[in-house]
Amino acid sequence: MLPDEPGIYLFYNVHGELVYVGKATSLKSRVTSYFRGKRTPRPIEELIHEVADIDWRVTDSVLEAVIVESSYIKKFLPKYNVMGKDNKSWNYIIITNDEYPQIITLRQHELALLQRNDPQQLKRFAATFGPYPGLNTKAAIKILRRLFHFSSCEPDSSRPCLYYEMGLCYGVCVRAISPADYKKKVINPLKWFLSGKKRQVIKNFERRMKQASKAEDYEEATLLRNQLKNLYRIHDVTLINKSFFEEEIEWEGSFLPTGQPLRIEGYDISNLGPTHKVGSMVVFNAHGPVKSEYRKFNIKTVEGQNDVDSLAEVLERRLKRNDWDKPDVVLLDGGLPQINRIKKVFIERGVTIPFVGIAKGAERKSNNIILGTKTQEFVNWVSKHQNLLIRVRDEAHRFAIAFNRSKRKVQ
Numbered sequence: 032m033l034p035d036e037p038g039i040y041l042f043y044n045v046h047g048e049l050v051y052v053g054k055a056t057s058l059k060s061r062v063t064s065y066f067r068g069k070r071t072p073r074p075i076e077e078l079i080h081e082v083a084d085i086d087w088r089v090t091d092s093v094l095e096a097v098i099v100e101s102s103y104i105k106k107f108l109p110k111y112n113v114m115g116k117d118n119k120s121w122n123y124i125i126i127t128n129d130e131y132p133q134i135i136t137l138r139q140h141e142l143a144l145l146q147r148n149d150p151q152q153l154k155r156f157a158a159t160f161g162p163y164p165g166l167n168t169k170a171a172i173k174i175l176r177r178l179f180h181f182s183s184c185e186p187d188s189s190r191p192c193l194y195y196e197m198g199l200c201y202g203v204c205v206r207a208i209s210p211a212d213y214k215k216k217v218i219n220p221l222k223w224f225l226s227g228k229k230r231q232v233i234k235n236f237e238r239r240m241k242q243a244s245k246a247e248d249y250e251e252a253t254l255l256r257n258q259l260k261n262l263y264r265i266h267d268v269t270l271i272n273k274s275f276f277e278e279e280i281e282w283e284g285s286f287l288p289t290g291q292p293l294r295i296e297g298y299d300i301s302n303l304g305p306t307h308k309v310g311s312m313v314v315f316n317a318h319g320p321v322k323s324e325y326r327k328f329n330i331k332t333v334e335g336q337n338d339v340d341s342l343a344e345v346l347e348r349r350l351k352r353n354d355w356d357k358p359d360v361v362l363l364d365g366g367l368p369q370i371n372r373i374k375k376v377f378i379e380r381g382v383t384i385p386f387v388g389i390a391k392g393a394e395r396k397s398n399n400i401i402l403g404t405k406t407q408e409f410v411n412w413v414s415k416h417q418n419l420l421i422r423v424r425d426e427a428h429r430f431a432i433a434f435n436r437s438k439r440k441v442q
């Protein structure tokens, strides 16, 4: 029975080969989502058909699941993970070989650029950890700083940094700790943790805490006690409220969980008077915008400035194009009037594509979501991916305005 806990799951084929590893906030819900019998993109079906055995590893936190997943990807190069190896959402955490090592983060494409254009820079890297697919590195670094008290300062500053004043740094800025002790107390435990060796970190902290107490260095003992507490209860909700689910779209790409969309189409209308009415269609897939599939529409049948009817015309024309890939989700830039009108279009044409609208409000500062499709599955998906949908809406709006401006310049 799969546990309702964070961890990693492992899919093996009939030969005992690891073909896919993934992370989850809940192993139970994540793994079962693959086998619900709903319509799935072809690559997922190919993956599922290869699965002969499933294993899992429970972790104490999502952050640890991310780290363990990375170690499996790097060690075993699972077939369905490696297919996404060039994706830009892969992140790396790097420890430099400076006197006081620095902790930096790079995306896949940034690392590739360094390798190609400035390989000398790579000599500064003492250790590279990753890939971490879709990891919110800003949130991860914040958690790691709290756990290990590493410094982002250059030594020999005129005054101590705020982190030192708060007890979250050993004082690299004013050389309150030697380079050797900094590596021993901070960098080595951080390396162990990023290598998936949390137990080794805990044993090291416990041993040092006992030594500090015996030496009556109660300040050091208290600091280590607090670090141990943090290690046992990592609060990493910041890793999952946005980026963890975005990773499932942007990193896993075609290998989306059952029932989640692969192709999202966003629509908007732009008009400046009755003679300048245009519509836009933008397309997002697992990896982001697909600009080669964007489409422009001149409004032909609508009189006056009627955005609702103009949007209906655009969708009616689009639905006639059977040679275009079918969308899994339709996103409308608009509120209830647009939703009701497109619902009528879909009913008339027998279309069952899930759709949703985002209304900007009178001052264009709101993001009010109006569901056209209200199945529980779609409601759950929308609630997890609001930021992605807003991004699609904004891109449809930008593209419509750009088309309108280009038309007016020609005229």
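In the working numbering, each residue's number is its place in the sequence shown (first place is 1) plus 31. Even glycine gets a Cβ: it sits at the ideal position worked out from N, Cα and C.
### Query
Which value, in whole angstroms, describes the spacing of the CA atoms of S397 and L420?
Straight through space, the alpha carbons of L420 and S397 are spaced by roughly 14 Å.
### Message
Applying the 10 Å Cβ sphere with the 16-neighbour rule, what's the burial state of R424?
### Response
Classification for R424: buried.
### Residue environment, L270, which counts as buried when at least 16 other CB atoms sit within 10 Å
Reliability fails at L270, whose pLDDT of 49 lies under 50, so the model's placement of it is uncertain and the value that follows must be treated cautiously. Counting every other CB atom within 10 Å of its CB across the protein chains shown gives L270 a total of 16 or more, marking it as buried.
### Query
Within 10 angstroms of its Cβ, does V113 collect 16 or more other Cβ (buried), or is it exposed?
When all chains shown are included, V113 counts as exposed.
### Query
In chain order, which alpha helix (DSSP H) runs of at least 4 residues are fully inside the stretch 324-367?
Runs of the alpha helix (DSSP H) lying entirely within the stretch 324-367 and spanning at least 4 residues, in chain order: 338-350.
### Message
Going by C-alpha to C-alpha distance, which of E296, K214, P162 and R422 sits closest to E108?
### Response
Correcting the residue identity first, residue 108 is Leu in this sequence and not Glu. Considering only alpha carbons, the answer is P162.
### Task
Report the three-state DSSP secondary structure of P385 (helix, strand or coil).
Correct three-state label for P385: coil.
### Query
Among V309, L402 and P320, which residue has its Cα nearest to the Cα of N337?
Of the candidates V309, L402 and P320, the one whose C-alpha sits nearest the C-alpha of N337 is V309.
### Task
Taking all protein chains shown into account, decide if P220 is buried (16 or more other Cβ within 10 angstroms of its Cβ) or exposed.
Its Cβ being crowded by 16 or more others within 10 Å, P220 is buried.
### Task
Check each candidate in Q133, H140 and E237 and name the one with the smallest Cα separation from F181.
Out of Q133, H140 and E237, Q133 has the C-alpha closest to the C-alpha of F181.
### Query
With burial defined as no fewer than 16 other Cβ atoms inside 10 Å of the residue's Cβ, what is the status of D364: buried or exposed?
Classified as buried, D364 has 16 or more neighbouring CB atoms from the shown chains inside 10 Å of its CB.
### Task
Can you tell me the Cβ-Cβ gap for L94 and I174, rounded? I've got them flagged as a contact below 8 Å.
6 Å between Cβ atoms; contact.
### Which of helix, strand or coil DSSP assigns to I271
Low local confidence applies: a pLDDT of 41 at I271 is under 50, so the model's placement there is unreliable, with the coordinate-based value given in what follows. Looking at I271 - three-state DSSP - the assignment turns out to be coil, as it is neither helix nor strand.
### Message
Among K322, I330, N316 and S92, whose alpha-carbon lies nearest the alpha-carbon of L303?
### Response
The closest CA to that of L303, considering only K322, I330, N316 and S92, is found on I330.
### Query
To the nearest angstrom, how far is it from the Cα of P37 to the Cα of E76?
Each residue's Cα considered, the two are about 24 Å apart.
#### Entry: Within 8 Å, strictly: CB atoms of G198 and L254
Here G198 is near L254, since their CB atoms are less than 8 Å apart.
### Query
What number of angstroms, rounded off, separates the C-alpha of Q291 from the C-alpha of F434?
Residue confidence for Q291 is low, a pLDDT of 47 falling below 50, so the modelled location carries little weight; the figure read from the coordinates is stated next. The straight-line gap separating the alpha-carbon atoms of Q291 and F434 is approximately 31 Å.
### Query
Would Q151 be called buried (16 or more neighbouring beta carbons within 10 Å of its own) or exposed?
That one is exposed.
### Task
For V314, collect the residues of the same chain with a Cβ closer than 6 Å to its Cβ; drop the 5 residues on either side in sequence, then sort them by chain order.
Excluding sequence neighbours, V314 sits near E296, V321 and E324.
### Query
Unbroken alpha helix (DSSP H) runs of length 4 or more, entirely within the stretch 127-151: which are they?
Complete alpha helix (DSSP H) runs here, min 4: 139-148.
### Those runs of the alpha helix (DSSP H) which lie wholly inside the stretch 390-440 and span at least 4 residues
With a minimum length of 4 residues, the continuous alpha helix (DSSP H) runs that stay inside the stretch 390-440 are 407-415.
### Task
Between the Cα of I125 and those of S226, M240, V382 and A390, spot the shortest distance and give me the residue it belongs to.
The shortest Cα separation from I125 among S226, M240, V382 and A390 belongs to S226.
### Task
Pick out whichever of A55, A143, E344 and R436 has its Cα sitting closest to the Cα of W121.
Minimum Cα distance to W121 is reached at A143.
### Task
Specify the secondary structure class of D35 as computed by DSSP and reduced to three states.
Coil.
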